[in-house]
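First the structure, in the form of structure tokens, and then the observations on it.
Residue numbers (the working numbering): 980 to 1071.
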């Protein structure tokens, strides 16, 4: 099951890159969020493909100008743990 989930994340990550490249940022954001959620739900957070999903989501936020909002939110709290950072990225 894990290999199947990793393959699914890889497919979603490729789709995100393609959509973003075509300028379809809204759909890319939706798919990127799905990938992050799958990674969390399937306990793949230690896998590099999950890191790619997080990077895709963060980059889409940056492109759309949302990244600074996330950065501001994080800078006004205690130093977050890795789990808190992942949770915050998944919520935005």
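Heads up, the beta-carbon is just placed ideally off N, CA and C, and yes, glycines get one too.
Take residue 1003 as the anchor and find which of 1068, 1039 and 1045 has the nearest alpha-carbon.
-> Counting from 1 along the chain shown, the entry for residue 1003 is found at position 24. Just measuring C-alpha positions, the residue of 1068, 1039 and 1045 sitting nearest residue 1003 is 1039.
For residue 1044 and residue 1058, the rounded distance between their alpha carbons | Numbered from 1 along the chain shown, position 79 holds the residue referred to as residue 1058. Numbered from 1 along the chain shown, position 65 holds the residue referred to as residue 1044. Because residue 1058 carries a pLDDT of 47, less than 50, the predicted location of this residue cannot be relied on, and no value is offered for it.
Distance between residue 986 and residue 1056 (C-alpha atoms, nearest Å) | For the purposes of this step, residue 1056 is identified with residue 77 of the chain shown, where counting begins at 1. For the purposes of this step, residue 986 is identified with residue 7 of the chain shown, where counting begins at 1. Unreliable placement is indicated for residue 1056, whose pLDDT of 44 sits below 50; no coordinate value is reported for it.
Can the beta-carbon of residue 1019 be found closer than 8 Å to that of residue 988?
-> As a working mapping, residue 1019 is identified with position 40 in the chain shown. As a working mapping, residue 988 is identified with position 9 in the chain shown. Cβ atoms of residue 1019 and residue 988: not closer than 8 Å.
Coarse secondary structure for residue 1003, derived from DSSP in three states = Translated into positions along the chain shown, residue 1003 becomes position 24. For residue 1003, the three-state secondary structure derived from DSSP is coil.
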